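K.L.:
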Amino acid sequence: MLVSTDYLVVGAGASGVAFVDALVAEADVEVTVIDRREAPGGHWLDAYPFVRLHTPSAYYGVNSLPLGRDRIDEDGENTGFYERAAGAEVCEYFAQAAARLTQTGRVRVLTRHEHLGGTSTGEQVRDVSTGALREIAIRRKVVDARYLEASIPATHRAPFDVAASARVVPVNDLPTAIGSAGSYAVLGAGKTAVDACVWLLDNDVRPDQIRWIRPRDAWFYDRRHFQPLGQVAAIMEGIALDAEAGAQAAGVEELFERLEASGRLVRIDPSWPAVMYRGTMLSAGELDALRQIEDVVRLGRVVRIEADRIVLERGETATSTDVLHVDCSALGLGDAPATPIFARGRIVLQQVRHLSPCFNAALIAFVEAHRDDDTDKNRLCPPNPYPSSIWDWPRMISRTWKTEARWLTEPDLSAWVANSRLNLLRALPDHATEPPAQTAIKRYLTHVGNAIQNLTQLHGSLVQPATSAPSDDAGTCQEHHRKEPEMTG
Ligand SMILES: Cc1cc2nc3c(=O)[nH]c(=O)nc-3n(C[C@H](O)[C@H](O)[C@H](O)COP(=O)(O)OP(=O)(O)OC[C@H]3O[C@@H](n4cnc5c(N)ncnc54)[C@H](O)[C@@H]3O)c2cc1C
Numbered sequence: 018m019l020v021s022t023d024y025l026v027v028g029a030g031a032s033g034v035a036f037v038d039a040l041v042a043e044a045d046v047e048v049t050v051i052d053r054r055e056a057p058g059g060h061w062l063d064a065y066p067f068v069r070l071h072t073p074s075a076y077y078g079v080n081s082l083p084l085g086r087d088r089i090d091e092d093g094e095n096t097g098f099y100e101r102a103a104g105a106e107v108c109e110y111f112a113q114a115a116a117r118l119t120q121t122g123r124v125r126v127l128t129r130h131e132h133l134g135g136t137s138t139g140e141q142v143r144d145v146s147t148g149a150l151r152e153i154a155i156r157r158k159v160v161d162a163r164y165l166e167a168s169i170p171a172t173h174r175a176p177f178d179v180a181a182s183a184r185v186v187p188v189n190d191l192p193t194a195i196g197s198a199g200s201y202a203v204l205g206a207g208k209t210a211v212d213a214c215v216w217l218l219d220n221d222v223r224p225d226q227i228r229w230i231r232p233r234d235a236w237f238y239d240r241r242h243f244q245p246l247g248q249v250a251a252i253m254e255g256i257a258l259d260a261e262a263g264a265q266a267a268g269v270e271e272l273f274e275r276l277e278a279s280g281r282l283v284r285i286d287p288s289w290p291a292v293m294y295r296g297t298m299l300s301a302g303e304l305d306a307l308r309q310i311e312d313v314v315r316l317g318r319v320v321r322i323e324a325d326r327i328v329l330e331r332g333e334t335a336t337s338t339d340v341l342h343v344d345c346s347a348l349g350l351g352d353a354p355a356t357p358i359f360a361r362g363r364i365v366l367q368q369v370r371h372l373s374p375c376f377n378a379a380l381i382a383f384v385e386a387h388r389d390d391d392t393d394k395n396r397l398c399p400p401n402p403y404p405s406s407i408w409d410w411p412r413m414i415s416r417t418w419k420t421e422a423r424w425l426t427e428p429d430l431s432a433w434v435a436n437s438r439l440n441l442l443r444a445l446p447d448h449a450t451e452p453p454a455q456t457a458i459k460r461y462l463t464h465v466g467n468a469i470q471n472l473t474q475l476h477g478s479l480v481q482p483a484t485s486a487p488s489d490d491a492g493t494c495q496e497h498h499r500k501e502p503e504m505t506g
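Following this line, the structure appears as structure tokens:
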């Protein structure tokens, strides 16, 4: 059967739904969204049971629908900070957002439908339940909302061998497996491993029962600097610290020393070099909890787990069948290289402003609705790939600032940004006269010009070593980085 649509959006994760929500608010168009999963919400549908947003709900999701109630948590490690939705709440939210879009009569959501590719007459889609093929004729564009698809524990293949007698579970199975082991070995260096360790400690596992196989050490933001609305001055303070360090550092290592000294970034073990940077964050409570785990194995990636030993890239360590090995090694954020966001007949959703996936998808929709020329659209939305290591920081942060400066010269776009609930700085004008915000704004304005210049130079001076692809538990000290070209259309 041939059906037709203005836009075909492939992927009903946070990016796809946020894009559609903003597009139909700004343009009188018909949109078809497809996803091979059984519901909208993307990776959240298969996330581990104790997952939570690491940023506040206040600026996550779609533009037209609040997530949560902007409450300040009164207990737990998030005390004093804005609420963060748990995975189930995020899934319900996206189901509701998609239902509201369907009610407009201009959006059709086809779950359990997979995009197979283009043909001479349209786009081929397969109904995953029945196997039936259908073709969709596109009047305007195909929107790739899966380019940065998250790689998560439930769907990735463990990148190491496991002997039949070894006990290894994906992190999703940890709650059902807890209690069945005398101790735990957490495999991975990123946010999922952090969540697994914190969850074990919260569930009365002693720190000395946890071994952390951590191939590389990571940097984390202090969550304090990501609090919106009434605490927005703290976000501005964090950005000012970025600008100050960015303006003054003579090299990437020094840059991170400055960011650590200012309290902007933290690492779990300050005595150990950290090169992983994925833009995730920790609260002070989580940091204190994690620092109790002393048994950290730093021998590179896991190669094989046997009944009595773990073989790693640079050695081996003993284990036993009483140890439950918890696989937290999925990549998380996608690591696809930059490609133009707008092209003839096609949009590829990617990061533009750093660490704001929902905001970026909605912003791209606004630009699509209000600009005609792809060169102009790409100038306003240059792709800015997700970071993996400290060497990605200069490019990512300076590119954000350069792009934001372009938005300021476009009144309709800057008005949309100022009012978007997905913009983490939305409340800044309401608090700009308060002393902490004033100080932070002044500090930012003093340094941002030099920071852009210095960081652009730092990025340009980086050499590109040949290495393997990153994964969340990847990377030895011989670190990879990708030197991304400027792409402004
Ligand atoms: C555990 C975790 C926690 C996170 N927490 C936060 C946070 O607190 N704040 C924040 O801002 N960001 C966070 N992120 C970043 C996160 O990547 C985004 O928030 C967002 O959920 C990603 O959505 P997405 O739509 O880009 O990708 P996905 O959720 O991966 O969605 C892509 C979709 O495309 C579908 N698809 C792929 N190929 C096809 C095909 N051929 N046909 C049909 N469908 C297809 C997939 O089924 C999938 O549903 C987190 C990421 C992870 C992994």
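Residue numbering for the sequence shown follows the working numbering, beginning at 18 and increasing consecutively.
For glycine and all other residues, C-beta sits at the position ideal for the given N, C-alpha and C.
All figures in this text were calculated on a predicted structure; none of them were measured in a lab.
Taking Leu341 and Arg184 to be in contact with their CB atoms under 8 Å, please state how far apart those CB atoms are, rounded to whole angstroms.
P.N.:
Here residue 341 refers to the residue found at position 324 when the sequence shown is read from its first residue. Here residue 184 refers to the residue found at position 167 when the sequence shown is read from its first residue. Yes, they are in contact, since the Cβ atoms of Leu341 and Arg184 sit about 5 Å apart, within 8 Å.
K.L.:
Please report how far the alpha carbon of Glu323 lies from the alpha carbon of Ala180, in whole angstroms.
P.N.:
Counted from its first residue, the sequence shown places residue 323 at position 306. Counted from its first residue, the sequence shown places residue 180 at position 163. Computed Cα separation, rounded: 5 Å.
K.L.:
At a cut-off of 7 Å, would you count Val68 as near ligand 2, judging by its Cβ distance to the nearest heavy atom?
P.N.:
Inclusion of ligand 2 in the displayed structure is not the case, the ligand content consisting of ligand 1 alone.
K.L.:
Out of curiosity, what's the CA-to-CA distance linking Arg399 and Thr426?
P.N.:
Locating residue 399 in the sequence shown gives position 382, counting from the first residue. Locating residue 426 in the sequence shown gives position 409, counting from the first residue. The sequence given here places Pro at residue 399; Arg does not occur at that position. Cα to Cα, the separation comes out at about 16 Å.
K.L.:
Have a look at Ala386 and Ala44 and give me their C-alpha separation to the nearest angstrom.
P.N.:
Taking the first residue of the sequence shown as position 1, residue 386 is located at position 369. Taking the first residue of the sequence shown as position 1, residue 44 is located at position 27. If you take the alpha carbons of Ala386 and Ala44, they lie about 6 Å apart.
K.L.:
Checking the sheet assignment: what are the DSSP bridge partners for Val384?
P.N.:
The count along the sequence shown starts at 1 and reaches residue 384 at position 367. Answer by DSSP bridge pairing: none, since Val384 is not bridged.
K.L.:
Please report the residue range of the alpha helix (DSSP H) in which Ala210 lies.
P.N.:
Your numbering for residue 210 matches position 193 in the sequence shown. Note, Ala210: alpha helix (DSSP H), 208 to 219.
K.L.:
Look at the Cβ atom of Ala457, then the Cβ atom of Leu246, and state whether they are nearer than 8 Å.
P.N.:
Your numbering for residue 457 matches position 440 in the sequence shown. Your numbering for residue 246 matches position 229 in the sequence shown. Against a cut-off of 8 Å, the Cβ pair of Leu246 and Ala457 comes out as no contact.
K.L.:
Where are the beta strand (DSSP E) runs, 3 residues long or more, that stay fully inside the stretch 177 to 207, in chain order?
P.N.:
185 to 187, 200 to 204
K.L.:
Identify every residue that forms a DSSP beta bridge with Leu258.
P.N.:
To locate residue 258, count along the sequence shown from 1; it is residue 241. According to DSSP, Leu258 bridges with nothing at all.
K.L.:
Output yes or no for whether 8 Å exceeds the beta carbon distance between Asp325 and Leu204.
P.N.:
Position 308 of the sequence shown holds residue 325. Position 187 of the sequence shown holds residue 204. No, the Cβ-Cβ distance between Asp325 and Leu204 is not below 8 Å.
K.L.:
May I ask you to list the residues that DSSP assigns as paired with His130?
P.N.:
Sequence index remark: in the sequence shown, residue 130 carries index 113 (1-based). For His130, which the question treats as bridged, DSSP gives the partners Asp144.
K.L.:
With DSSP run on the structure shown, which of helix, strand or coil describes Thr417?
P.N.:
As a working mapping, residue 417 is identified with position 400 in the sequence shown. Helix.
K.L.:
With C-beta atoms as the reference, is Tyr110 less than 8 Å away from Leu84?
P.N.:
Here residue 110 refers to the residue found at position 93 of the sequence shown. Here residue 84 refers to the residue found at position 67 of the sequence shown. Yes, these two residues count as a Cβ contact at 8 Å.
K.L.:
Nearest-angstrom Cα distance between Val265 and Gln470?
P.N.:
Here residue 265 refers to the residue found at position 248 of the sequence shown. Here residue 470 refers to the residue found at position 453 of the sequence shown. Here residue 265 is Gln; the residue named in the question, Val, does not match the sequence. Going from the Cα of Gln265 to the Cα of Gln470 covers about 11 Å.
K.L.:
Taking 7 Å as the line, does the beta carbon of Ala149 fall inside it for any heavy atom of ligand 1?
P.N.:
Walking along the sequence shown from the start, residue 149 turns up at place 132. No, ligand 1 has no heavy atom inside 7 Å of this Cβ.
K.L.:
Give the single residue among Ser431, Glu166, Thr334 whose Cα lies nearest to the Cα of Leu348.
P.N.:
Along the sequence shown, one-based indexing puts residue 348 at 331. The residue with the shortest Cα to Cα distance from Leu348 is Glu166.
K.L.:
Is there at least one non-hydrogen atom of ligand 1 closer than 7 Å to the beta-carbon of Asp52?
P.N.:
Within the sequence shown, the letter at position 35 stands for residue 52. True, at least one ligand heavy atom lies under 7 Å from that Cβ.
K.L.:
Taking the continuous beta strand (DSSP E) assigned at Ile230, which residues delimit it?
P.N.:
Position 213 of the sequence shown, counting from 1, holds the residue named residue 230. First-last of the beta strand (DSSP E) with Ile230: 227 to 230.
K.L.:
Per DSSP, which residues does Ile469 bridge with? Please list them.
P.N.:
Residue mapping note: residue 469 aligns to position 452 of the sequence shown, counting from 1. Note: Ile469 sits in no beta bridge, so no partner.
K.L.:
Any chance you could list the beta strand (DSSP E) runs of at least 3 consecutive residues sitting entirely within the stretch 240 to 305, in chain order?
P.N.:
282 to 284, 293 to 299
K.L.:
Could you tell me if the beta carbon of Gly59 falls within a distance shorter than 7 Å of some heavy atom in ligand 1?
P.N.:
Here residue 59 corresponds to residue number 42 of the sequence shown, with the count starting at 1. Yes, the beta carbon of Gly59 sits closer than 7 Å to at least one heavy atom of ligand 1.
K.L.:
Would a C-beta distance cut-off of 8 Å place Met293 and Ala235 closer than the cut-off?
P.N.:
Counting from one through the sequence shown, the residue named residue 293 turns up at place 276. Counting from one through the sequence shown, the residue named residue 235 turns up at place 218. Contact: yes.
K.L.:
With respect to the beta strand (DSSP E) encompassing Val320, which residues constitute its N-terminal and C-terminal limits?
P.N.:
On the sequence shown, position 303 is the one that residue 320 refers to. Per DSSP, Val320 belongs to the beta strand (DSSP E) from 319 to 322.
K.L.:
Which same chain residues end up closer than 7 Å to Ile310 when comparing Cβ atoms and leaving out the 5 residues on each side of it in sequence?
P.N.:
Position 293 of the sequence shown holds residue 310. Closer than 7 Å at Cβ, skipping near neighbours: Cys214, Pro224, Ile227, Trp229.
K.L.:
Pull up the CB-CB distance for Ala379 and Leu329, whole angstroms please, since I reckon it's below 8 Å.
P.N.:
Numbered from 1 along the sequence shown, position 362 holds the residue referred to as residue 379. Numbered from 1 along the sequence shown, position 312 holds the residue referred to as residue 329. With a contact defined as Cβ atoms closer than 8 Å, Ala379 and Leu329 miss out at about 42 Å.
K.L.:
Nearer than 7 Å: is that true of the beta carbon of Ala167 relative to any heavy atom of ligand 1?
P.N.:
Taking the first residue of the sequence shown as 1, we reach residue 167 at position 150. Yes, Cβ of Ala167 sits closer than 7 Å to a heavy atom of ligand 1.
K.L.:
So, for Pro192: in the same chain, excluding its five sequence neighbours on each side, which residues have a beta-carbon less than 6 Å away from its beta-carbon?
P.N.:
Counting from 1 along the sequence shown, the entry for residue 192 is found at position 175. Answer for Pro192: Pro66, listed in chain order.
K.L.:
Enumerate in chain order the residues of its own chain whose CB-to-CB distance from Thr356 is below 6 Å, with the five nearest sequence positions on each side excluded.
P.N.:
On the sequence shown, position 339 is the one that residue 356 refers to. Cβ neighbours of Thr356 beyond the five flanking positions: Val365.
K.L.:
So what does DSSP say about Arg54, is it helix, strand or coil?
P.N.:
The sequence position of residue 54 within the sequence shown is 37, counting from 1. Correct three-state label for Arg54: coil.
K.L.:
Rounded to a whole number of angstroms, what is the C-alpha to C-alpha distance between Asn268 and Arg295?
P.N.:
Here residue 268 is taken as the residue at index 251 of the sequence shown, counted from 1. Here residue 295 is taken as the residue at index 278 of the sequence shown, counted from 1. The residue you asked about is not Asn; residue 268 is Gly in the sequence shown. C-alpha separation (whole angstroms): 19 Å.
K.L.:
Can you check whether the CB of Arg151 is closer than 8 Å to the CB of Asp23?
P.N.:
Reading the sequence shown from its first residue, position 6 is the one you call residue 23. Reading the sequence shown from its first residue, position 134 is the one you call residue 151. No, the pair does not count as a contact, with Cβ atoms beyond the cut-off.
K.L.:
Got a sec? Which residues, its chain only, sit under 7 Å from His132 by beta carbon, not counting five neighbours each side?
P.N.:
For this step, residue 132 is matched to residue 115 along the sequence shown. For His132, same chain residues with a beta-carbon under 7 Å away, outside a window of 5 residues either side, are Val27, Ile51, Glu140, Val142 in chain order.
K.L.:
So which of Pro452, Pro411, Arg231 has the shortest CA-CA distance to Val465?
P.N.:
In the sequence shown, the residue the question calls residue 465 occupies position 448. Selected option, being the one with the closest Cα: Pro411.
K.L.:
Return the residue from the list Ala306, Arg241, Met413, Leu217 that minimises the CA-CA distance to Asn401.
P.N.:
Within the sequence shown, residue 401 is the residue found at index 384, counting from 1. Shortest Cα-Cα distance from Asn401 to any of Ala306, Arg241, Met413, Leu217 involves Met413.
K.L.:
If you reduce the DSSP assignment to three classes, tell me which class Gly33 lands in.
P.N.:
Walking along the sequence shown from the start, residue 33 turns up at place 16. The answer is helix: DSSP assigns Gly33 an H, G or I state.
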